[in-house]
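Quick note on the working numbering: the sequence shown kicks off at 2 and runs consecutively. Here a beta-carbon is modelled for each residue, glycine too, at the ideal position from N, C-alpha and C. Here the structure is a predicted model, which is why all the values come from computation and not from measurement. What follows is a set of notes on a single structure, which appears directly below.
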Amino acid sequence: MLMHVVTLACKDPHHAAEFLAVLAEHARRDAMAYNCLAFEFGLKEGTDDTVYLVERWRCWEDLDAMLAERVEPVMPVYNALLKRPFDPAADSVRLVLAAR
C-alpha cells in the first residue's frame, strides 16, 4: 500500500478554511477519478492554519498523472492560500507501507 502525505502551511485560519473547502469540493473527486483508494484531510491538531492531506494509492503512476493533469495547472490558486509556494520535496512524503 502506498501513502502520500502532504503538509500545507496556510497564511492564516481563513486561508486554511478556504483550502479545506477546495479539497472537499474538487480535490477528493479528482483523486478518486485517478484511482485513489482513500483521500482524507484536516487541520493538524493544535493548529488552525496547517492542513494535512493523506492519500492511499495502488501505484505512484496514478498519483503522478493526477498531479500533472489536475493539480499543477491550478497551483497558482493553491499557492495564493499558502505561506510559501508549495514545494513537493519539502511539503510531501511518499510512504510504502509494509504488508501485514
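| Item | Value |
| --- | --- |
| Endpoints, the beta strand (DSSP E) within which A10 is located | L3 to A10 |
| Integer Cβ distance of L3 from R95, believed to fall under 8 Å | 7 Å |
| Distance cut-off 7 Å: V23 Cβ against heavy atoms of the ligand FMN | As for the ligand FMN, it is missing from this structure, which has no ligand bound. |
| Those residues which DSSP pairs with Y53 across a bridge | T8 and G43 |
| 6 Å Cβ shell around L54 - same chain, five flanking residues per side excluded | V7 and F42 |
| Any beta strand (DSSP E) of 3 or more consecutive residues that is wholly inside the stretch 67-101 | 93-97 |
| Proximity to E73 [Cα-Cα], best of D49, V97, F87 and Y35 | F87 |
| Neighbour-count burial assignment, H105, 16 or more Cβ in a 10 Å radius | This structure does not reach residue 105, given that the chain is present from 2 up to 101, and the question cannot be answered. |
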